[in-house]
Structures are given as structure tokens and as C-alpha cells.
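> Below are the C-alpha cells for one structure; questions will follow.
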Amino acid sequence: MSVDILRGLVIVIMGLDHVRDFFSPTLFAPEDPTVTTPAWFFTRWITHFCAPVFVFLAGTSAYLYSLKVSKMELSRFLWSRGAWLILIEFTVVNFVWKFTYFDWWFVQVIATIGIAMMLMGVLIHTPKWFLFAFAGITILGHNLLDNIHIDAYWWQLLHESRWVPPVFVVYPQIPWPGVMVFGYLAGHWFTQAAERRKRNLVWLGLAMSAGFIVLRFINVYGDPHAWSVMERGSLYTFLDFLNTTKYPPSLLYLLMTLGPAVVVLAYAETWKGKIADFFLVFGRVPFFYYVMHLLVGHVLAILYNGLYYNEWRSWLFDNPASWPTTL
């Protein structure tokens, strides 16, 4: 249940960022401490927790499912579910984000989870030491690749977020499969007694959070963006300290987000009452919520924009043929 509660919590938080994108687009990056405000910054920063938690918990859920089925059955499930998520990303999800014809595509979190799942379908057949090595190398070591730039689709898909027409890879794949494997390995703790599981998760989360603070303070490795003292004052220096790289997720980004999330996971199974039930509902239907909140948010933003600027009558009645390109 704690897995579903945490998943529900972060998926609700995710909606904040997407609604902000639809209703309040800005000419600046909300996380840029040279121009942002604390309120803008934290509406973006708090949502950084979402993708790492989704991927980590997908791995944990895969491990829990492995307790009920054979490895081959788990592989077939991961391959089929992964392929289905990739298909949905390039059809349904792309459409509800853009409301346009499929003249270009992006690769975001749904396809990334799908690709990682398909790879997991192979990795689960390897020894545990290999899984630890794979997760450790991809998460801890991938920032060594930050200064490597190759003008090729395969590199764009692997480690460099950029636009190569007609595809914009928002989420390069490295190190997301490692994060999923990390969650898969942590799933073993959910077979232990509750107190032992809680203790292990708390210590892991605190260690990751401490690792973030130490490595970020040293400012040598773990993120391509080094923090600096801001002329705007100590508050904005603190914001720059928190401003880690999401695309692809740096080591420091993952430590910063997964550390506190794992601590929350340790305590979530003791949560009771209406608040826990609220997040539990969303955590059990994450894909449905993901698609519907994008669809509803996009439609409402269009209606709001039309009413606010008094353009909806002309758009709705005068030129219906333009709907597919203007939505």
C-alpha cells in the first residue's frame, strides 16, 4: 500500500507542473535563479520528485509481481507492458499534449518507462551482482558522459536531450533503466518485517540525501550545472544549489529526489485516514490519471485563453477547419 500512496502523492504533485505549463507559460525557465521568484521556482522544483519516483516504484512493483509469477511470465509482462507504453506515448500522450497532427513526436516519461521495462525484461534473468553493478554504474557514473556530444539519433536517445527532427527526446534513456533496477532491488525489503523494512528505507533515504548535500557542496561531480553564489542574495544561491539537471537526470538530481522519497516510502504504510485514501486512489490508477489530467488541463487552458482574450467565438464558429492546427 505504501508504494501506491507514494505514487499517488507524486502524481498529484505532477499535475501542478503541467497545469502551470498550460495556464501560465513563461518566457524564462522557472528554475533559473537569475530571473525566477521563489514561488515560481518551487512550483517547478517540487515536481522534480515525480519521474524518479515513478521509475523507482515501477521497479519495486516489478519485484513484488515477481513473487507471484515465474521469471518468464514476468519477462513477458514487462515486454508487453513496455511496448504498450511506448505505443501510447507516440499516439495518445503526444496528442493530448499538442492537439495537433503527428508532424513531430517527443519521447517523455511514459516511453522512457516503457523502454526501461523492456530492458528489465532481460535484466531480471541476470545475477543479482550484475543488477547491482548495472544500477550503480548507470546512476553513479553516467555524468562522466556529460561532455560527450554526438550528432546522432542514437546518442540523442541515450544521453542528450535535444531536438533532431522529427523527434524531440525530452527524456534520454540513461540512467533511467538503472533507476528502475534500483527500485527492483529495493523491492526485496518489502518481503521483510515491517520494522526492518522501515529502518532500511529510512537509512537509505538519509544516506542518499546526505550524499546529495556533500557532493553538491563540493561542486565537482554529479551535475553538469555547478551552483554559484548569486548576486541576488543568499536565497537565490540556495535555489541555485537545488537547481540540478533533470534531462538527463544527474546523479545529484536523483539523490536529491529519491532520498527524501524513500524516507516518505518508509512511513507511508502507516498513514491512515482520508488523506491516505485520497492518494491511494490516484496511486492505483496512475496511467489513467496521467492521460486525463493532461487532456482536461489542456482543454481548460484553451477555454480559459479563449474567454480571457475574447477570441473563442471567432475560433469556434468562424473557421472550424483550423481547429486541428490551433488547438
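First residue of the sequence shown? That's 12 in my numbering, and the numbers climb one at a time after it.
Quick reminder that beta carbons are idealized off the backbone N, C-alpha and C, glycines included.
Please read all numbers here as calculations on a predicted model, not as lab measurements.
1. With DSSP as the reference, identify every bridge partner of threonine 296, one or two as the case may be.
2. Is valine 46 helix, strand or coil by DSSP?
3. Given that a residue counts as buried once 16 or more other Cβ atoms are within 10 Å of its Cβ, and exposed if not, what is arginine 207?
4. Would you mind reading off the limits of the alpha helix (DSSP H) that contains phenylalanine 228?
5. Taking Cβ to Cβ, would you say threonine 54 is nearer than 8 Å to leucine 75?
6. Taking all protein chains shown into account, decide if tyrosine 182 is buried (16 or more other Cβ within 10 angstroms of its Cβ) or exposed.
7. Taking valine 180 as part of the beta strand (DSSP E), name the residues at either end of that continuous run.
8. In the region 23-105, which residue ranges form an unbroken alpha helix (DSSP H) of at least 4 residues, counting only runs that do not cross its ends?
9. Could you pull out every residue in the same chain whose Cβ sits closer than 8 Å to the Cβ of asparagine 154, ignoring the five residues on either side in sequence?
10. For tryptophan 51 and methionine 191, I'd like the C-alpha separation in whole angstroms.
11. Determine whether the beta carbon atoms of proline 259 and isoleucine 185 lie at a separation below 8 Å.
12. With distances taken Cα to Cα, identify the nearest neighbour of methionine 12 among Val275, Met129, Tyr247.
13. On a CA-only basis, which of Phe88, His199, Ala69, Val118 is nearest leucine 98? Give me that one, please.
14. In its own chain, which residues sit with a C-beta less than 7 Å from the C-beta of histidine 304, not counting the 5 before and 5 after it?
15. Indicate whether tyrosine 195 and histidine 59 have their beta-carbon atoms separated by less than 8 Å.
Per the coordinate set shown:
1. Locating residue 296 in the sequence shown gives position 285, where the first residue counts as 1. Note that residue 296 is valine in the sequence shown, not threonine. Looking at the DSSP assignment, valine 296 forms no beta bridge with any residue, so it has no partner.
2. Numbered from its first residue, the sequence shown carries residue 46 at position 35. Reduced to three states, the DSSP call for valine 46 is coil.
3. Residue numbering aside, residue 207 sits at position 196 when the sequence shown is read from its first letter. Counting of Cβ neighbours within 10 angstroms places arginine 207 among the exposed residues, the total staying below 16.
4. To locate residue 228, count along the sequence shown from 1; it is residue 217. Unbroken alpha helix (DSSP H) run through phenylalanine 228: 205-229.
5. Counting from 1 along the sequence shown, the entry for residue 54 is found at position 43. Counting from 1 along the sequence shown, the entry for residue 75 is found at position 64. No, these two residues do not count as a Cβ contact at 8 Å.
6. Sequence index remark: in the sequence shown, residue 182 carries index 171 (1-based). Buried is the call here.
7. As a working mapping, residue 180 is identified with position 169 in the sequence shown. Unbroken beta strand (DSSP E) run through valine 180: 178-180.
8. 49-56, 61-77, 82-99
9. Locating residue 154 in the sequence shown gives position 143, counting from the first residue. Tyr232, Gly233, Asp234, Pro235, Ser261, Leu262, listed in sequence order.
10. Locating residue 51 in the sequence shown gives position 40, counting from the first residue. Locating residue 191 in the sequence shown gives position 180, counting from the first residue. If you take the alpha carbons of tryptophan 51 and methionine 191, they lie about 30 Å apart.
11. For the purposes of this step, residue 259 is taken as the residue at position 248 of the sequence shown. For the purposes of this step, residue 185 is taken as the residue at position 174 of the sequence shown. The answer is yes: Cβ separation under 8 Å.
12. Sequence index remark: in the sequence shown, residue 12 carries index 1 (1-based). The alpha carbon of methionine 12 has as its nearest neighbour, out of Val275, Met129, Tyr247, the alpha carbon of Val275.
13. Residue numbering aside, residue 98 sits at position 87 when the sequence shown is read from its first letter. That would be Val118, whose Cα lies nearest to the Cα of leucine 98.
14. Translated into positions along the sequence shown, residue 304 becomes position 293. Once the five neighbours on either side are set aside, the close Cβ partners of histidine 304 are Gly26, His29.
15. Translated into the one-based positions of the sequence shown, residue 195 becomes position 184. Translated into the one-based positions of the sequence shown, residue 59 becomes position 48. Their beta carbons are not under 8 Å apart, which means tyrosine 195 does not touch histidine 59 by this criterion.
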